[in-house]
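**Student:** Structure below; questions to follow.
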């Protein structure tokens, strides 16, 4: 297998899961009576959404966004208009390039070393 975006590092499964949790926390959905808790109700709803997405026709133009990759968690993101990559904060892990000043260059994501676990 090959990476879809070959110029970027692979996003881990753990970060993919966190980004999905971040998305489902933004949903207001009907809780099935048979569901034991809201969490499993959300996961059940996600499964239904997943089935709907899988049933769609192929989309040959689909690509992950590729403006920017968080140096800490490796999540891909878009840059806002007129924003430099050096100004981008990560919506998922909170990486802030302002933390990478001369006094704090040891912060995770501020150097060229591979990121650690979030």
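In the numbering used here, the protein residues as written are 593 to 710. Quick reminder that beta carbons are idealized off the backbone N, C-alpha and C, glycines included.
1. Using the three-state DSSP reduction, which class does residue 669 fall into: helix, strand or coil?
2. Determine the burial state of residue 646: buried for a count of at least 16 other Cβ atoms within 10 Å of its Cβ, exposed for fewer.
3. Assuming residue 683 and residue 671 make a contact with CB atoms under 8 Å, what is their CB distance in whole Å?
4. When the Cα of residue 616 is compared with those of 602, 626, 631 and 605, which residue comes out closest?
5. Have a look at 675, 668 and 664 and flag the residue whose alpha-carbon is nearest the alpha-carbon of residue 692.
**Tutor:** According to the data block:
1. strand
2. exposed
3. That pair is no contact at about 12 Å.
4. The option with the nearest alpha carbon to residue 616 is 631.
5. 664
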